[in-house]
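> Okay, here's the structure, questions in a sec.
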Amino acid sequence: MTQGPSYVENDEIARRLMDVGLLLQIQGANPFRVRAYENAARTVETHATPMHALVEAGADLTDLPAVGKDMARHIHEMVTTGHLSVLDELSKEIPRTLIDMIRLPGVGPKRAKKLWQSLGVQTIEQLEAVAQAGAVQELEGFGLKTEQRILQGIANLKQRQGRFKLSDADALIGPLLAHLRAHPGVQRVEVAGSYRRRVETVGDIDLLAIADDAESVMDHFTTFPRVKRVEKSGGTRGTVILSSDLQVDLRIVPAESYGAALQYFTGSKAHNVKFRTKAVARGLRVSEYGVFEVDPDQDPETADPRSGRRVAGDTEASVYAAVGLPWIPAELREDRGEIAAAERGTLPSLVTVGAMRGDLQMHSTWSDGKHSIEEMLVGCAARGYEYFALTDHSKSLAMTGGLDEVALREQWREIDDVTARHPEIRLLRSMEIDILRDGSLDLADEMIAQLDIAVVSIHSLFDLPSGTQTARIVKALEHAGVHVLAHPTGRLINRREPIAFDLDAVLQCAKAHNVAVELNAHPNRLDLKDTQVVLAREMGVRVVISTDAHRVEELDLMRYGVEQARRAWLEPAHVLNTLPLPALLATLG
DNA sequence: GCCGTTTTCGGCCCGACTGTTTTCAGTCG
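Numbered by our numbering, the letters in the first sequence go through residues 2 to 590 in order.
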């Protein structure tokens, strides 16, 4: 096994371009130049193919959206030398650590620069010290409230690093929505923002409501029992912090603006910018109040923002239609080509939970699951599945009670017994087989050959060098009996980093050997993640969406996997377990 | 700095709120 060259990955390239933009912002550069760096960073971050692969293939980087001559040069430099000279130069003038300060509430580029130039503050720690000493409120443009806000922000930062997993947000928001809906004045309330786009983690929650008595509803909102602190509370906008430290914003809008507000607050920002630009070209102005015809005689600087003839706004569909587009599913609104696809009429017909005909990874009491084979079977049948795969762990995963060959044969006897009583659903004989250090599998070949579907995955040696890890996975996929690579990166959101490996090479191998890759639906994993699933789709590798359930109720986690699949533009045809049983069996061979 | 069924130059999304102000900059979403 050889160690491949260590490339600068897309996320690192994106981060550095973003840092250049932020440093330019602090410097006071042309804001559109700043945005150019942000846009290029986003392109790189969400681009499925690694930049180093494009450079190696001799591709013209300026074909990428938001990448012109300069950005192409920057990307090329990072790929070939590992450095970005424009960032190095800027860092000499402005400390890079000021970027951390911008992320504090109440601190933007201007104030960060002021704090640095007036007080010599370069880091969050230094800022905390001078703020505690009362030096910040003395600065021009600052005051006592700003100083307190900064200190509060630093305290919050220390308390909670990272964002909320989508499933945690779901659990926290459900009771609040019920509370709001119980108020007689609330006609409608929905969640917008990244939550509605089903981004894997959310920073805060945006609620949108139509209400008769806005003041009373806002009152009801801020007195929700789990509110820890009320940040603001106005006539149409309020912000609270829940006891879980989740920030929730509520906006109350008139019914005729509801669709426009929902569209606007769902975002993403990049999607909205592109959408509004399209509207401008049609002589329209889009805001959260609606779509308006622009009066060509009026100076846009001085015109009332709500002036002009309203042409749409009550529903989202009307807002898109006014700009000549069909309604776009929220999961696609990331400015990853969805507006162009909408224009061409080629938006994908996205996969749904209802299209799933089976779940291809779950555990029973035979290893580390909490429910018996029969209980899991009944749970799957209750969810309307045609089939499911029982994938208990293999022997090397001792802590889970993994099965050796003898135990697996015993399990098969129980399976025969259970399935004889339950003709309503097909149980596929399977196992989640560990990939060992050298890429060999933790189950005898003659047993693998008797499985209906063989799932392999890594549970150990997460920190091998990338080249070694890649070779290990590739060897496992080359095994003739293997059908699915489960949770390919091994990441645990907010807990464990993904393993280092060459995804491109692994997908090529999967394609060559007709192996599917899993999109693990468990909200702790969501592995592969959306942008990686895009790469699999583009390379023609089939995807499996599985829950990895360890108890019956976890079978309902399927929706999280499907939602991420939708973010990756997957249609049913891309997903192996949307196939009817006979077609699935034929594919598995 | 990017980009083009109005444009290769002159644009680049939109509005609200807060705090620090005496008419508005800065931040936020």
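For each residue, glycine too, the CB sits at the ideal point set by N, CA and C.
#1: Could you tell me which of M219, L504 and Y386 sits nearest to E10, measuring between CA atoms?
#2: For R427, report the span of its alpha helix (DSSP H) as first-last.
#3: Check this for me: beta carbons of A17 and L85, under 8 Å apart or not?
#4: Please determine, among G541, Q362 and M432, the residue with the shortest C-alpha to C-alpha distance to W413.
#5: Are there 16 or more other CB atoms within 10 angstroms of the CB of E519, so buried, or fewer, so exposed?
#6: How would you call Q28, buried or exposed, if buried means at least 16 neighbouring beta carbons within 10 angstroms?
#7: Distance check for E232 and V544, CA to CA, integer angstroms please.
#8: DSSP has H394 in a bridge; who is on the other side?
#9: Buried or exposed for K530, going by 16 or more other Cβ atoms inside 10 Å?
#10: For the beta strand (DSSP E) holding A318, just list the boundary residues, first then last.
#11: Around the C-beta of Q264, are 16 or more other C-beta atoms found within 10 angstroms, so that it is buried, or is it exposed?
#12: Is the distance from the Cβ of I253 to the Cβ of T237 below 8 Å?
#13: So, for L462: in the same chain, excluding its five sequence neighbours on each side, which residues have a beta-carbon less than 7 Å away from its beta-carbon?
#14: Evaluate N521 with the Cβ neighbour count: other Cβ atoms within 10 Å of its Cβ, from every protein chain shown; 16 or more gives buried, anything less gives exposed.
#15: Hey, how far is the Cα of A318 from the Cα of L326?
#16: What is the residue span of the alpha helix (DSSP H) that R238 lies within?
#17: Report the residue from G142, L209, S168 and E564 whose alpha carbon sits nearest the alpha carbon of V187.
#18: Thinking L65 and M102 are a contact (beta carbons under 8 Å), I'd like their distance in whole angstroms, please.
#19: Using a Cβ-Cβ cut-off of 8 Å (strictly less than) and excluding sequence neighbours within five positions of G135, which residues of its own chain qualify?
#20: Over the uninterrupted beta strand (DSSP E) stretch that includes F293, give me the two end residues.
#21: Can the beta-carbon of R358 be found closer than 8 Å to that of Y388?
#22: With three or more beta-carbon pairs closer than 8 Å as the criterion, would you say the stretch 20 to 38 touches the stretch 104 to 118?
#23: Three-state secondary structure (DSSP) at R286?
#24: Express the C-alpha separation of L442 and T3 in angstroms, rounding to a whole number.
#25: Where in the stretch 164 to 214 do unbroken runs of the beta strand (DSSP E), each at least 3 residues long, occur, reported from the N-terminal end onward?
#26: What's the C-alpha gap between R74 and L333?
#27: Give the range of the alpha helix (DSSP H) segment to which E415 is assigned.
#28: Bridge partners of A550, per DSSP?
#29: Give the straight-line distance between the Cα atoms of Q138 and K146, rounded to the nearest whole angstrom.
#30: Rounded to the nearest angstrom, what separates V228 and G204 at their Cα positions?
#31: Measuring only the C-alpha atoms, how far is H272 from H488?
#32: Between E335 and I374, is the Cβ-Cβ spacing less than 8 Å?
#33: Comparing C-alpha positions only, which one of V379, T366 and D20 sits nearest to H423?
#34: Specify whether the stretch 277 to 292 and the stretch 345 to 365 touch according to this definition: at least 3 beta carbon pairs, one from each stretch, less than 8 Å apart.
#35: Helix, strand or coil, according to DSSP, for N157 in the structure here?
#36: Tell me, to the nearest whole angstrom, how far the beta carbon of V591 is from that of Q362; I am working on the premise that it is less than 8 Å.
Let me lay it out:
#1: Along the first sequence, read from residue 1 onward, the residue named residue 10 stands at position 9. Looking at the Cα atoms, L504 is the closest of the given residues.
#2: Stepping through the first sequence from its first residue, residue 427 is reached at position 426. No alpha helix (DSSP H) contains R427, which is instead part of the beta strand (DSSP E) from R427 to D435.
#3: Walking along the first sequence from the start, residue 17 turns up at place 16. Walking along the first sequence from the start, residue 85 turns up at place 84. Strictly speaking, residue 17 in this sequence is Arg, with Ala absent from that position. Yes. Within cutoff.
#4: The count along the first sequence starts at 1 and reaches residue 413 at position 412. For W413, the nearest C-alpha among the options comes from M432.
#5: Counting from 1 along the first sequence, the entry for residue 519 is found at position 518. E519 comes out buried.
#6: Counted from its first residue, the first sequence places residue 28 at position 27. Classification for Q28: exposed.
#7: Counting from 1 along the first sequence, the entry for residue 544 is found at position 543. Counting from 1 along the first sequence, the entry for residue 232 is found at position 231. So the two alpha carbons sit approximately 44 Å from each other.
#8: As a first step, residue 394 is located in the first sequence; it is residue number 393 there, counting from the start. For H394, which the question treats as bridged, DSSP gives the partners E433.
#9: Walking along the first sequence from the start, residue 530 turns up at place 529. By the 10 Å Cβ count, K530 comes out buried.
#10: As a first step, residue 318 must be located in the first sequence, where it is residue number 317. No beta strand (DSSP E) holds A318; the alpha helix (DSSP H) holding it covers E317 to A323.
#11: Here the question's residue 264 lines up with position 263 in the first sequence. Buried is the call here.
#12: Position 252 of the first sequence, counted from the start, is the residue given in the question as residue 253. Position 236 of the first sequence, counted from the start, is the residue given in the question as residue 237. In contact: I253 and T237 (Cβ atoms closer than 8 Å).
#13: Residue 462 sits at position 461 when you count from the first residue of the first sequence. The residues are R438.
#14: Numbered from 1 along the first sequence, position 520 holds the residue referred to as residue 521. Counting Cβ neighbours within 10 Å, N521 comes out buried, since at least 16 surround it.
#15: Working through the first sequence from its first residue, we reach residue 318 at position 317. Working through the first sequence from its first residue, we reach residue 326 at position 325. Whole-angstrom Cα-Cα distance: 9 Å.
#16: Taking the first sequence and counting its residues from 1, the one referred to as residue 238 is at position 237. That residue, R238, is in no alpha helix (DSSP H); its beta strand (DSSP E) goes R238 to L243.
#17: The residue given as residue 187 occupies position 186 in the first sequence. Measuring from the Cα of V187, the nearest candidate turns out to be L209.
#18: In the first sequence, residue 65 corresponds to position 64, counting from 1. In the first sequence, residue 102 corresponds to position 101, counting from 1. No, L65 and M102 are not in contact; Cβ-Cβ is about 31 Å, not under 8 Å.
#19: Taking the first sequence and counting its residues from 1, the one referred to as residue 135 is at position 134. E148.
#20: Along the first sequence, read from residue 1 onward, the residue named residue 293 stands at position 292. Start and end: G291 to E294.
#21: Translated into positions along the first sequence, residue 358 becomes position 357. Translated into positions along the first sequence, residue 388 becomes position 387. Against a cut-off of 8 Å, the Cβ pair of Y388 and R358 comes out as a contact.
#22: yes
#23: Along the first sequence, read from residue 1 onward, the residue named residue 286 stands at position 285. Residue state, collapsed to three classes: strand.
#24: Looking up residue 3 in the first sequence gives position 2. Looking up residue 442 in the first sequence gives position 441. Low confidence applies here, because T3 scores a pLDDT of 38, under 50, leaving its location unreliable; read the following figure in that light. Cα-Cα distance, rounded: 20 Å.
#25: 187 to 192 and 205 to 212
#26: The residue labelled residue 74 in the question sits at position 73 within the first sequence. The residue labelled residue 333 in the question sits at position 332 within the first sequence. Computed Cα separation, rounded: 30 Å.
#27: Start at 1 with the first residue of the first sequence, and residue 415 comes out as number 414. Where E415 is concerned, the enclosing alpha helix (DSSP H) stretches over E406 to R422.
#28: On the first sequence, position 549 is the one that residue 550 refers to. Partner(s): M363.
#29: Taking the first sequence and counting its residues from 1, the one referred to as residue 138 is at position 137. Taking the first sequence and counting its residues from 1, the one referred to as residue 146 is at position 145. About 8 Å.
#30: Translated into the one-based positions of the first sequence, residue 228 becomes position 227. Translated into the one-based positions of the first sequence, residue 204 becomes position 203. Using only the alpha carbons, I get a separation of about 17 Å.
#31: Here residue 272 refers to the residue found at position 271 when the first sequence is read from its first residue. Here residue 488 refers to the residue found at position 487 when the first sequence is read from its first residue. Cα to Cα, H272 sits roughly 30 Å from H488.
#32: Counted from its first residue, the first sequence places residue 335 at position 334. Counted from its first residue, the first sequence places residue 374 at position 373. No, the pair does not count as a contact, with Cβ atoms beyond the cut-off.
#33: Here the question's residue 423 lines up with position 422 in the first sequence. Selected option, being the one with the closest Cα: V379.
#34: no
#35: Here residue 157 refers to the residue found at position 156 when the first sequence is read from its first residue. Correct three-state label for N157: helix.
#36: This structure leaves residue 591 out entirely; the chain is present only between 2 and 590.
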